[in-house]
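Enquirer: Residue numbers (the UniProt record's numbering): 1 to 281. Built from N, CA and C at the ideal position, the CB exists for glycine as well.
1) Could you say if the stretch 86-104 and the stretch 23-42 meet the contact criterion of at least three C-beta pairs nearer than 8 Å?
2) When the Cα of residue 171 is compared with those of 138, 273 and 248, which residue comes out closest?
3) With the cut-off set at 8 Å, would you say residue 269 and residue 168 are in Cβ contact?
4) Let me make sure I understand the geometry here. Which of 207, 84, 109 and 119 has the alpha-carbon closest to that of residue 101?
5) State the start and end residues of the unbroken beta strand (DSSP E) segment that holds residue 267.
6) Cutting at 7 Å between CB atoms, please list the residues of its own chain near residue 146, excluding the five before and the five after it.
7) Note down the Cα distance separating residue 117 from residue 63, rounded to an integer number of angstroms.
8) Taking C-beta to C-beta, are residue 232 and residue 241 nearer than 8 Å?
9) Alpha carbon to alpha carbon, what distance is there between residue 133 and residue 206?
10) Comparing C-alpha positions only, which one of 229, 245 and 246 sits nearest to residue 238?
11) I need the DSSP call for residue 244, collapsed to helix, strand or coil.
12) Excluding the 5 residues preceding and the 5 following residue 214 in the sequence, name in chain order all residues of the same chain whose CB lies nearer than 6 Å to its CB.
13) Under the rule that 16 or more other beta-carbon atoms within 10 Å means buried, what is residue 91, buried or exposed?
14) Are the stretch 68-80 and the stretch 33-50 touching by the rule of at least three beta carbon pairs closer than 8 Å?
15) Taking DSSP's pairing of strands, which residues face residue 36 in a bridge?
16) Below 8 Å on the Cβ atoms is my contact criterion, and I expect residue 248 with residue 189 to pass it. Report the Cβ-Cβ distance as a whole number of Å.
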């Protein structure tokens, strides 16, 4: 599943081709993608005529803000919230070009192009809501702070009483938003913390070190354009580059880059977790 760095990379790449364009139509090859409004006609009615004002992200959600409809100036803005789930991809292409086989939704634009949302596994979703409805959406409202918005004191308060294992804690989107399996493993190695250590067993200093590691790893991953393991591509169709900087993720049996001892893999919170038994205590 694309994590924070991948969705941030996508948002930054899409913004120049979307901002200032007017939504002129919707094509929905697969209605399963619609999380609301539930029909293509209702979705189109809510979107068409609006100017795209911003393209951003919250946690692993891509957020496209559309301005009020000109014919209804009191209508207020709307937000297109797109969840990529496992295999969601985006690109901008001429509307006249036949969409790819796994296209689920196309947002047609006033410049003759379309934002194309493709998803081979068909788990991704699109919802068009008011900002107020977005804020009230249970999933959205439950999200914890972004890594850069999380203060050391808030991180300490969130973890000091948790008996869950530390990797499970940082995968919990209500604790800190946007972290998935890749960046959890990489951050825990950078902080030299075992993924199965109980969160409340760590000293405050080690928990603060972990927050610093998370912020640094995420920043490096964004700078590299995210990580491509299988499906992820940028809107330009290229792979991310951070997979070439992995220290432990997916490298069980290989030597630790710090001490040379073989890395091992265990299950934590149902996810394969790779770490160094020598360096990570």
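Expert: Quick look at the numbers:
1) yes
2) 273
3) yes
4) 119
5) 264-268
6) 177 and 178
7) 13 Å
8) no
9) 38 Å
10) 229
11) helix
12) 147 and 187
13) buried
14) yes
15) 127
16) 5 Å
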